[in-house]
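Residue numbers (our numbering), protein chains in the order written: chain A, 1 to 114; chain B, 1 to 339.
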Amino acid sequence: MKDFGYSISKGRTLNYDNSDFSLKKTLEHDVVSYCRCIGCGACASTCSAAKFTDFSIFKCNMLFRNAKYDELEQELSKCMLCGKCTLVCPRGVNTRGMILEMRNLIEKNKNNNE
Amino acid sequence: MNHFDVIIIGGGPAGMQAAIRLGNFNYKTLIIEKEKSIGGKLTQWDKLFPDFYSAEELLQNLTRQLNENVSILTEQEVKDIENTSENEWTVKTADGQYSSKALLIASGYDFFNAKRKEEFGYGIYPNVITSVELEAMIKNGKITTLDGRIPQKIAYLQCVGSRDEKVGNHYCSINCCICAVKQSIEVKELLPDVEQYCFYMDLRMAGQHYEELYRTSQEKYHVQFIRGRISEAASTFDNRIQIKAENTLLSTPLKLTVDLFVLMVGMEASETTRFISQKFNISNEYGFLQSKQRYCSDNETEIKGLFLAGTCKRPMTIPKSLKDGDAAANAIFDYLKNR
Ligand code: SF4
Ligand code: SF4
Ligand code: SF4
Chain A
1 MKDFGYSISK GRTLNYDNSD FSLKKTLEHD VVSYCRCIGC GACASTCSAA KFTDFSIFKC
61 NMLFRNAKYD ELEQELSKCM LCGKCTLVCP RGVNTRGMIL EMRNLIEKNK NNNE
Chain B
1 MNHFDVIIIG GGPAGMQAAI RLGNFNYKTL IIEKEKSIGG KLTQWDKLFP DFYSAEELLQ
61 NLTRQLNENV SILTEQEVKD IENTSENEWT VKTADGQYSS KALLIASGYD FFNAKRKEEF
121 GYGIYPNVIT SVELEAMIKN GKITTLDGRI PQKIAYLQCV GSRDEKVGNH YCSINCCICA
181 VKQSIEVKEL LPDVEQYCFY MDLRMAGQHY EELYRTSQEK YHVQFIRGRI SEAASTFDNR
241 IQIKAENTLL STPLKLTVDL FVLMVGMEAS ETTRFISQKF NISNEYGFLQ SKQRYCSDNE
301 TEIKGLFLAG TCKRPMTIPK SLKDGDAAAN AIFDYLKNR
């Protein structure tokens, strides 16, 4: 039977009050340079993977720091870990290390939740 | 004796520094200050950015350098100023009348009245405070909410009263970005468990070692900088403040509840500055004073014998105000010598 009637659409607002930032805190601890990111986007701009796939390391970074992990596992798998992004970052963020650690933490988180 | 070589209106950093120089040049100088003591806004500040130099120490340093040529009148508000004959100046206060050959305006700025931005809830919700009130808490070494709780989350909002067409101020106040960085570091030192969020439109770290301090605040003090302007604030039932903003780097709205919401208030022309700018018709578009020419005669005005120093002209940092006081004293020296 076809659904009918009203439903409340899931809001897209980031609710910082009930988000769990523990993965972000672990990342800040493990890859300290990650704290210094200023969101300039140079990393994404130089990324070779971004030229051929719908992939933005900048967006991954932003999603991660806002505790939005849902799409991240899939997204981060598009990175080929070439390290080009690390070469251009003006704040000296170890982006390659950051990506590896993000993958790690998301994987662990998944296993914990299962 | 009521006659002086130079009268300085305003005893803040620029006025004091000019008085130090003029005194050393052996000019009889009078500072007229409307507050109880000289020092201007330095008296409200604990430490200065970006090196955490003590404001009190700076004030003592400046005071120590004033020599016997300099007289100081406090708690005297300027009632009127007249350019009497042959570039003689007469300044009237409630208690007296003083004259001089040259007049230096160093009447400074006032903080933007945050109540004018009603959507941020200042003056409505007790836990919305200004950067000036936060500085007083830092000075006392105790950060609490108005109902006496230890804050767990604090949000800062940049550009309150600056860069805002809605209040008629298009300009940037220059000091507040780095001030928020400084204060958030000091707060974290006092409250190691606090989480801090700083909402900005642009972060302007345009001074020596400002950018470095910003990096430190991210890396060592974990201050979260979020690009997006808070649109409104509301109180929760337990006196916390709920804020709404767009996280523009993610194009997603966000909401957050904090215990203290700090408004980084900008700088506006002070009442005395406005009075003088109108009286002599040398106001810029915001009520600050207009110098003769920005590059080579920034301490002179179109009026002979009338000089300017410091933040009565435009927002400035303290080191810049001090240098401007120096420069004004030099300009006055040239003027009096060639008179
Ligand atoms: S390491 Fe990954 S994100 Fe960085 S440039 Fe290479 S593919 Fe792009
Ligand atoms: S280049 Fe560096 S600072 Fe810029 S967004 Fe990427 S990680 Fe952040
Ligand atoms: S210094 Fe920063 S907070 Fe102050 S007005 Fe300029 S941009 Fe805004």
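Yeah, the Cβ is synthetic: ideal placement off N, Cα and C, and Gly gets one too. Since this is a predicted model, take the numbers as computed values, not measurements.
Query                                                                                                                                                                    : Result
Find the residues of chain A that neighbour B:Glu-219, judging by a C-beta separation of less than 7 Å, and give them in chain order.                                    : Val-32, Cys-35, Arg-36
Rounded to whole angstroms, what's the CA-CA distance from B:Glu-268 to B:Val-132? Just pull it up for me.                                                               : 14 Å
Could you spell out the range, first to last residue, of the beta strand (DSSP E) harbouring B:Asp-46?                                                                   : Counting along the chain, B:Asp-46 falls outside any beta strand (DSSP E), and DSSP gives it neither H nor E.
Is any beta-carbon of chain B found at less than 7 Å from that of A:Asn-15?                                                                                              : yes
Closer than 7 Å, Cβ to any Cβ of chain B: which residues of the stretch 74-97 of chain A, in chain order?                                                                : none
Got a sec? Which residues, its chain only, sit under 8 Å from B:Asp-51 by beta carbon, not counting five neighbours each side?                                           : His-209
Check whether the Cβ of B:Pro-151 lies closer than 7 Å to any Cβ atom in chain A.                                                                                        : no
By DSSP, does A:Thr-26 sit in helix, in strand, or in coil?                                                                                                              : helix
Using a C-beta to C-beta distance shorter than 8 Å, which residues of chain A count as neighbours of B:Arg-227?                                                          : Gly-39
List the residues of chain B whose Cβ lies closer than 7 Å to the Cβ of A:Met-62, in chain order.                                                                        : Leu-249, Leu-250
Could you tell me which residues DSSP pairs with B:Ser-351 in its beta bridges?                                                                                          : Beyond the ends of chain B as shown, which are 1 and 339, falls residue 351 of chain B; an answer cannot be given.
Which two residues bound the contiguous alpha helix (DSSP H) that contains B:Leu-250?                                                                                    : Per DSSP, B:Leu-250 belongs to no alpha helix (DSSP H) and is neither H nor E.
With distances taken between CB atoms, is the gap from B:Ile-7 to B:Val-70 smaller than 7 Å?                                                                             : no
Can you tell me whether A:Phe-64 is buried or exposed, with buried defined as 16 or more other CB within 10 angstroms of its CB?                                         : buried
Please report how far the alpha carbon of A:Arg-96 lies from the alpha carbon of B:Ser-217, in whole angstroms.                                                          : 23 Å
Can you pull the chain A neighbours of B:Thr-145, defined as C-beta to C-beta under 8 Å?                                                                                 : The contacting residues do not exist; B:Thr-145 stays about 17 Å from chain A at best.
Which of the three DSSP states is assigned to B:Leu-59 in this structure?                                                                                                : helix
By alpha-carbon positions, which one of B:Leu-58, B:Lys-36, B:Ser-37, B:Glu-35 ends up nearest to B:Asp-46?                                                              : B:Leu-58
Does B:Ser-107 pass the burial test, meaning 16 or more other C-beta atoms within 10 Å, or should it be called exposed?                                                  : buried
Where does B:Cys-198 sit, in a helix, a strand or coil, going by DSSP?                                                                                                   : strand
With a threshold of 8 Å on Cβ separation, who are the neighbours of B:Phe-120 within its own chain once the five nearest residues in sequence on each side are excluded? : Ala-114, Val-128, Leu-157, Val-160, Ile-230, Glu-232, Ala-233, Phe-261, Leu-263
For B:Asn-24 and B:Ser-270, I'd like the C-alpha separation in whole angstroms.                                                                                          : 29 Å
Please state if the CB of B:Leu-306 and the CB of B:Ser-291 are separated by a distance shorter than 7 Å.                                                                : no
At the level of alpha carbons, what is the spacing between B:Glu-75 and B:Met-16?                                                                                        : 16 Å
Within 7 Å of any Cβ in chain B, is that where the Cβ of A:Asn-66 sits?                                                                                                  : yes
Kindly examine ligand 3 and report whether one of its heavy atoms sits closer than 6 Å to the Cβ of B:Gln-158.                                                           : yes
Which same chain residues end up closer than 7 Å to B:Arg-215 when comparing Cβ atoms and leaving out the 5 residues on each side of it in sequence?                     : none
Report back the beta-carbon spacing between B:Met-205 and B:Arg-163 to the nearest angstrom; my notes put them in contact at under 8 Å.                                  : That pair is no contact at about 15 Å.
If you follow the beta strand (DSSP E) that B:Ser-235 is part of, which residue opens it and which one closes it?                                                        : 232-235
Under 6 Å from any heavy atom of ligand 3, does the C-beta of B:Gly-266 make it?                                                                                         : yes
Taking only heavy atoms of ligand 3 into account, decide whether any of them is closer than 6 Å to the Cβ of B:Cys-176.                                                  : yes
With H, G and I counted as helix, E and B as strand and the rest as coil, what does DSSP make of B:Met-205?                                                              : coil
Under 9 Å between beta-carbons, which chain A residues line up against B:Lys-323? List them in chain order, please.                                                      : None at all; the shortest Cβ gap to chain A is about 30 Å.
Confirm the yes/no value for this check: CB of B:Ser-184, any heavy atom of ligand 3, distance under 6 Å.                                                                : no
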